[in-house]
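**Q**
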Amino acid sequence: MNNVASVEVDFQQKTATVTCKQGNSVSREAVEAALKKAGNYGVTDFKELSSAPGTGA
752 MNNVASVEVD
762 FQQKTATVTC
772 KQGNSVSREA
782 VEAALKKAGN
792 YGVTDFKELS
802 SAPGTGA
């Protein structure tokens with residue numbers, strides 16, 4: 752997904768924290784569906800990068 756900046760995966764818990772690029776158009780539901788299909792992973796946190804200096808956005 753082009754709008755996803757990073758995904759942190761906890762393989763033991765089968766969960767993921769997803770950070771999207773600022774102004775993204777991806778929905779949490781789309782990310783959850785993709786991760787579930789890729790290995791039955793759940794999303795524990797879904798956030799967007801801020802525009803604050805030093806965040807890389």
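Just so we're aligned, residue 752 is where the sequence shown starts under the numbering used here, counting upward by one.
C-beta atoms are modelled at their ideal positions from N, C-alpha and C, and glycine is treated no differently.
Determine the DSSP secondary structure at V760, reduced to helix, strand or coil.
**A** Mapped onto the sequence shown, residue 760 falls at position 9. It is a strand residue.
**Q** What three-state label does DSSP hand V777 in the structure shown?
**A** As a working note, residue 777 is residue 26 in the sequence shown. If DSSP states are grouped into helix, strand and coil, V777 belongs with coil.
**Q** Since K798 is in the beta strand (DSSP E), which residue starts that stretch and which ends it?
**A** The residue you call residue 798 lines up with position 47 of the sequence shown. Looking at the DSSP string, the run of the beta strand (DSSP E) that includes K798 is G793 to E799.
**Q** State yes or no: is the C-beta of T799 within less than 8 Å of the C-beta of Q764?
**A** Reading the sequence shown from its first residue, position 48 is the one you call residue 799. Reading the sequence shown from its first residue, position 13 is the one you call residue 764. Before going on, a small fix: residue 799 reads as Glu here, not Thr. No. Outside cutoff.
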